[in-house]
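Undergrad: Residue numbers (our numbering), protein chains in the order written: chain A, -18 to 663; chain B, -18 to 663.
Just so you know, even glycine gets a beta-carbon here, dropped at the ideal spot from N, CA and C.
Just so we're clear, the structure is a prediction, and the values are computed from it rather than from any experiment.
1) Can you round the beta-carbon distance between residue 282 of chain A and residue 271 of chain A to whole angstroms, since I take them to be within the 8 Å contact cut?
2) List, in chain order, every chain B residue whose beta-carbon is nearer than 7 Å to that of residue 358 of chain A.
3) Suppose only complete runs of 4+ residues qualify. What are the alpha helix (DSSP H) ranges in the segment 358 to 410 of chain B, listed by chain order?
4) Given residue 49 of chain A, which residues of its chain have a CB within under 7 Å of its CB, disregarding the five upstream and five downstream residues?
5) For the segment 376 to 393 of chain A, which residues have a CB atom closer than 8 Å to at least one CB atom of chain B, in sequence order?
6) Whose CA, out of B:488, B:438 and B:399, lies closest to the CA of residue -6 of chain B?
7) Can you pull the chain A neighbours of residue 493 of chain B, defined as C-beta to C-beta under 7 Å?
8) Tell me, to the nearest whole angstrom, how far the beta carbon of residue 644 of chain B is from that of residue 156 of chain B; I am working on the premise that it is less than 8 Å.
9) What does the Cβ neighbour count give for residue 572 of chain A, buried or exposed, with the cut at 16 atoms within 10 Å?
10) With 8 Å as the limit, tell me which residues of the segment 450 to 481 of chain B have their beta carbon closer than that to any beta carbon of chain A; keep them in chain order.
11) On the DSSP letters alone, give me the boundaries of the alpha helix (DSSP H) that residue 508 of chain A sits inside.
12) Considering only the alpha carbon of each residue, which of A:14, A:2 and A:629 lies closest to residue 356 of chain A?
13) Quick check: is the beta carbon of residue 567 of chain B nearer than 7 Å to any beta carbon in chain A?
14) Which value, in whole angstroms, describes the spacing of the CA atoms of residue 264 of chain B and residue 114 of chain B?
15) So which residues of chain B does residue 632 of chain A contact, with C-beta pairs closer than 7 Å?
16) Along the chain, which unbroken stretches of the alpha helix (DSSP H) at least 4 residues long are found entirely within the segment 270 to 306 of chain A?
17) To which residues does DSSP link residue 474 of chain B through a beta bridge?
18) Grouping DSSP H, G and I as helix and E and B as strand, with all else coil, what is residue 98 of chain B?
19) How big is the Cα-Cα spacing for residue 194 of chain A and residue 72 of chain A?
20) Using the C-alpha atoms, what's the distance from residue 227 of chain A back to residue 233 of chain A?
21) Comparing the C-beta of residue 486 of chain B with each C-beta of chain A, is any distance below 7 Å?
22) What are the residues of the segment 241 to 261 of chain A that lie near chain B, defined by any Cβ-Cβ distance shorter than 8 Å?
23) Once DSSP output is grouped into helix, strand and coil, what is the label at residue 572 of chain A?
24) Out of curiosity, what's the CA-to-CA distance linking residue 140 of chain A and residue 479 of chain B?
25) Report the three-state DSSP secondary structure of residue 54 of chain B (helix, strand or coil).
26) How should residue 247 of chain B be labelled, buried or exposed, when 16 other C-beta atoms within 10 angstroms of its C-beta is the threshold for buried?
27) Strictly below 9 Å CB to CB, what residues from chain B border residue 372 of chain A?
28) Within 10 angstroms of its Cβ, does residue 618 of chain A collect 16 or more other Cβ (buried), or is it exposed?
29) Once you ignore the five residues that flank residue 244 of chain B on each side, which residues in its own chain have a CB closer than 7 Å to its CB?
30) At the level of alpha carbons, what is the spacing between residue 8 of chain A and residue 81 of chain A?
31) Given that residue 354 of chain A touches chain B, what residues does it touch there, using C-beta distances under 7 Å?
32) Since residue 27 of chain B and residue 78 of chain B are thought to touch, with beta carbons under 8 Å apart, how far apart are those beta carbons, to the nearest angstrom?
33) Residue 496 of chain A versus chain B: which residues are under 8 Å apart at the beta carbon?
34) Looking at the C-beta of residue 189 of chain B, does it have a partner C-beta in chain A at a distance below 7 Å?
35) How about residue 629 of chain A: is its C-beta nearer than 7 Å to some C-beta of chain B?
36) Residue 606 of chain A by DSSP, collapsed to three states: which one?
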């Protein structure tokens, strides 16, 4: 297969995405108040993207410059270039997604008002699809392009790692910065608006409401998208790096030989890209399937589209192996990853929507403290099956195709990213549509439709979150194994006491990172929310007639404060993520054991990050839904003592599930890719 | 040095302990109401010890039987015997400690009433000293005795491991069972008494108050004592096992040669026991120092006693190395451990008593949710410096004396256990003394003295807790390295992909264990507290005149319920701790990779356990003290909204710091010692 096919398919995917975007933009964007609100949200989102981009550029110039001047001369310049391309590709995907989402939201509202649920679902889903297809396409264009141009360079893997590092850096900023933004706005708007001023959620008089709606996009579209994008790139590059480490002729003693079946090393190296290329086609087919089915039952349309795409993808993987003359064990590993991803998604759905949620709600009858204890306990418990599933994926996929199998399992989880990401991005579009309906005082009928869409989105989002953690963990693991293979460690034997000692020292250091990151990000939300609260209070106090509805809130000021807070407070996590592997690697190199210590650090951080990501995301999701469950009339319903307890749970859960938890995915991937890039220098 | 000296010193220490006990028992045990209450507490404590002992016996017979029949024939029977001895030694130490503490408590109250603070401190501290000396002495008698009798058996290390496993099993039951008991009683008594019935803490009308006071002893005397006992044994046995794995002639290529300086392997093997023997003498000197200084300033007397003992111990270690003809590098490693322990203790004190506590209290002004978020963030942050300190201890002590140095650092942390444990056990005695004063309606003057003693105890207890986690972590690490050395892994090389795969699978499984343990123990407290609440409510409802003070509460029934709940709900954690290494080891042995997978599991569990232990204990301690800080009149004082928020924090923190957190110490040590024992079978 000619590798040019990958970037070309990416370009084709991008064209499809833009065609979908064009059809969305052609629809009515509302009028008067509706349009005004939507424009405010859109503008706010663009402000955030621009500011983050400036900050990213700053970091990118420093890191890219370091690569350019200090990386090994044979490929440092190319790697640096690829790094900038990775930054650009991820930023572009994020920009397109945000642009689309903040245009699709109001069109969903209008569709709900004018044409009913099926049409509204179409708009929201296609809004998400643009993001999904852009993420997949930019990955293929970027990675595929870099591969195509440098495929004859013996350092092609290293150059591609630069691209992945760029993607990771951008993800760090959008995911963590977005997480801080969204929660600062949410907590600020809720606390002053709902609690102090006693006005309902999404009330247009609240100066923080626009920022809150911007935040949904910032966190769940740009944040989630860049998160998935970097896992997507990381998984593929890990496979390329693993193949690159194999012997040139793939002789029998080499693990690659098991699967190569006589195919060349080049074929094997392009294999992950070929798979994802096919995955993009499957995603487009899945999106078509949703389009066809949407008129009947929206929820099942989404399900059938996703599962359909996955099934075609797995079938296609076996076919592709056959065509390329590679053992079908590769496809079996892909199957492993896809199945494992679904299991993790379903478990996530159980813990954030099933009996555990009802247990939390019930515990609210005995007060806030028991809500907290039960929720924390649910979160702690929820890590078990996903972790064991990941362990099983690693064990089994290795049996099929060695370490390459583990990487391929990660690719399998992420192959149909075009449609899974579409469904993730659908959520905030539907959520925003509801917000716009509320703010522009549309009737309860419109609101009911958007609420219905939102509920569907919540379930799919929970599954998507579990999926994202699993994929990120597996991608990071593959990168770490690639790092270990590449590092200059002549004898990495645990029976050697010095090795064991250094490994444990690294392990302990690595374990600290996710805990510290959790604390830093939670503090950041707290402080950012505090600034937000002060601003909203000030406006209520100083703007005449605001509460009576005659004055205009200064919403832009709130967006500005949240943006400023997010950019300022995300520097620390970024330094932690990028700095730790560099400090450990070069620090311990002074004793000649940098690579071993860094291996320990990566193991500790990997374990800690996955555990904390699952714990925090699931506890947060469970608290959120326990509150909603009580609001649906259980255990005394809204405004009961039980409800008050659950509201506290939800408030604590918010930074858990939307800031700290998801930031762990990126943290470990950034650490892994930075380590892989500096490996030759250790 | 003749190894008989160790058990003889242990016997001498026990004699000193009993002499101190005799002088305590000679003092007035109170009269009338006071005596009655004290007797109830004493009786309750004895009931708990008896019931736990029955359950322990059951588990011990199964595990001891398995060792007897299935362990390698060459030493299985002896190991089984040592295992039972370990169970007995730990149980005996726990029994003596509990007996003494529940006799010393009332005598402290009487001393406070009749003779003032200095005398009361003496009684409380000497009550604790009996526990401290018994723990150290039983360790020396048991380990020293086993070593003495089997020193010519080439499997002496394996036989001693049996002893450590016995100690760990008992610790598991006392620490986890005790933790469940104490919090069930505490939460039940507080919730129904203080919140529902509106009567003060420690009010004699509350049926749960006796159980609450029993709980303080059960958790902080028996639980803490057995925890420290097993770390104490584990650290020494790890050193013995590491030396045992060295070549018989300690040739130059062997790491032991660095430190042996021509001394025999036997000398090196007895070295840890010789050090702790000397440590016991230092502890007794320290206790004498406190006795001499107590009349002046109680708080500084405790500090001078502890630090004095540690300084003499470190000086003595250098002297001992000189006498035995061993390199003073061993003593340097001991110094490392001791200094590291103090740093961890001080950091613990900061996070549970310094600025972070005031931050939590301040966050109470904006409600419960911020108290929760700030507390969780403080807990997450608090792991960093202790973990890095542990990493530094490992790194530096290895430089001095290889892996043996790491084990010796753990011994260094625990060498003066006689006095550090005395100070730990002093806390609950002082706490109980206050409870008895309150229940028997003594004047505010007595209560003020006991409150003063209690405050001193809280600070020392925080330091002690950090110390215990550090020591447990280091002891477990030493055991794990001993396991890796011993396991039949011909090539444990990370460059081997299959090894790497299996290690990661194990790592992921291991990481689950502490999280699952946290969830199980928190649920256990919740359910046990629920049973307790129902019983106390029933008594208030059904016993006529109880609230008016004319009826008698059925306190024994509450003790019975807490005991029953504790024993029942501690089976799951015990199965998890003992079962995981067995399941992973033998399960993966089916694929021929049991030892590698188990190594991964131990690494994951070790990291997770230390992190979670620090996080949960420190967050809990910080919440507790934030509540006390507000009660002292800050941020609105008692019954303000801030106070209410902090009370919730304290309620959530209770199972964190007294049940789940401390259980992690034992969990990892049980897993490590079980692995070490089954290593030859893998």
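TA: Let's see:
1) For the purposes of this step, residue 282 of chain A is taken as residue 301 along the first chain, with counting starting at 1. For the purposes of this step, residue 271 of chain A is taken as residue 290 along the first chain, with counting starting at 1. That pair is a contact at about 5 Å.
2) The sequence position of residue 358 of chain A within the first chain is 377, counting from 1. Ordered by position in chain B, the residues that pass the 7 Å Cβ test against residue 358 of chain A are 500, 503 and 504.
3) 365 to 395
4) Position 68 of the first chain, counted from the start, is the residue given in the question as residue 49 of chain A. The residues are 57, 58 and 61.
5) 376, 379, 383, 384 and 387
6) As a first step, residue -6 of chain B is located in the second chain; it is residue number 13 there, counting from the start. When only C-alpha atoms are compared, the closest one is B:399.
7) Here residue 493 of chain B refers to the residue found at position 512 when the second chain is read from its first residue. Those are 364, 365, 368 and 369, listed as they occur along chain A.
8) Stepping through the second chain from its first residue, residue 644 of chain B is reached at position 663. Stepping through the second chain from its first residue, residue 156 of chain B is reached at position 175. Contact flag correct, Cβ pair sits at about 6 Å.
9) As a working mapping, residue 572 of chain A is identified with position 591 in the first chain. With fewer than 16 other Cβ atoms within 10 Å, it is exposed.
10) 458, 462, 465, 466, 470, 472, 473, 474, 475, 476, 478, 479 and 481
11) The count along the first chain starts at 1 and reaches residue 508 of chain A at position 527. 478 to 523 is the extent of the alpha helix (DSSP H) around residue 508 of chain A.
12) One-based indexing of the first chain puts residue 356 of chain A at position 375. It is A:629.
13) Locating residue 567 of chain B in the second chain gives position 586, where the first residue counts as 1. It does not: the Cβ of residue 567 of chain B has no partner Cβ on chain A nearer than 7 Å.
14) Reading the second chain from its first residue, position 283 is the one you call residue 264 of chain B. Reading the second chain from its first residue, position 133 is the one you call residue 114 of chain B. The straight-line gap from Cα to Cα measures roughly 8 Å.
15) Start at 1 with the first residue of the first chain, and residue 632 of chain A comes out as number 651. Near residue 632 of chain A (Cβ distances below 7 Å), the residues of chain B are 350.
16) 279 to 305
17) Counting from 1 along the second chain, the entry for residue 474 of chain B is found at position 493. Its beta-bridge partners are A:474.
18) Along the second chain, read from residue 1 onward, the residue named residue 98 of chain B stands at position 117. Helix at residue 98 of chain B.
19) The count along the first chain starts at 1 and reaches residue 194 of chain A at position 213. The count along the first chain starts at 1 and reaches residue 72 of chain A at position 91. Cα-Cα distance, rounded: 21 Å.
20) Looking up residue 233 of chain A in the first chain gives position 252. Looking up residue 227 of chain A in the first chain gives position 246. At residue 233 of chain A the pLDDT is 46, less than 50, meaning the model places this residue with poor confidence; the figure from the coordinates comes in the next sentence. Spanning the two alpha carbons is a distance of roughly 11 Å.
21) The residue you call residue 486 of chain B lines up with position 505 of the second chain. Cβ-Cβ to chain A under 7 Å: yes for residue 486 of chain B.
22) none
23) Within the first chain, the letter at position 591 stands for residue 572 of chain A. Looking at residue 572 of chain A - three-state DSSP - the assignment turns out to be coil, as it is neither helix nor strand.
24) For this step, residue 140 of chain A is matched to residue 159 along the first chain. For this step, residue 479 of chain B is matched to residue 498 along the second chain. Going from the Cα of residue 140 of chain A to the Cα of residue 479 of chain B covers about 27 Å.
25) As a position in the second chain, residue 54 of chain B is number 73, starting the count at 1. Residue 54 of chain B falls in the coil class under three-state DSSP.
26) Counting from 1 along the second chain, the entry for residue 247 of chain B is found at position 266. Exposed, because fewer than 16 other Cβ atoms sit within 10 Å of the Cβ of residue 247 of chain B.
27) Working through the first chain from its first residue, we reach residue 372 of chain A at position 391. Correct list: 485, 486, 487, 488, 489, 490 and 493.
28) In the first chain, the residue the question calls residue 618 of chain A occupies position 637. With fewer than 16 Cβ atoms within 10 Å of its Cβ, residue 618 of chain A is classed as exposed.
29) Here residue 244 of chain B is taken as the residue at index 263 of the second chain, counted from 1. These residues qualify, in order along the chain: 305, 306 and 307.
30) Residue 8 of chain A sits at position 27 when you count from the first residue of the first chain. Residue 81 of chain A sits at position 100 when you count from the first residue of the first chain. If you take the alpha carbons of residue 8 of chain A and residue 81 of chain A, they lie about 13 Å apart.
31) Sequence index remark: in the first chain, residue 354 of chain A carries index 373 (1-based). Simply 503, 507, 633 and 636.
32) Position 46 of the second chain, counted from the first residue, corresponds to residue 27 of chain B. Position 97 of the second chain, counted from the first residue, corresponds to residue 78 of chain B. So it is not a contact: roughly 12 Å between Cβ atoms.
33) Looking up residue 496 of chain A in the first chain gives position 515. The answer, in chain order, is 361, 362, 364, 365, 592 and 596.
34) For this step, residue 189 of chain B is matched to residue 208 along the second chain. No - not a single Cβ of chain A is within 7 Å of the one on residue 189 of chain B.
35) Indexing the first chain from 1 puts residue 629 of chain A at position 648. Yes, its Cβ sits closer than 7 Å to a Cβ of chain B.
36) One-based indexing of the first chain puts residue 606 of chain A at position 625. Three-state DSSP puts residue 606 of chain A in a helix.
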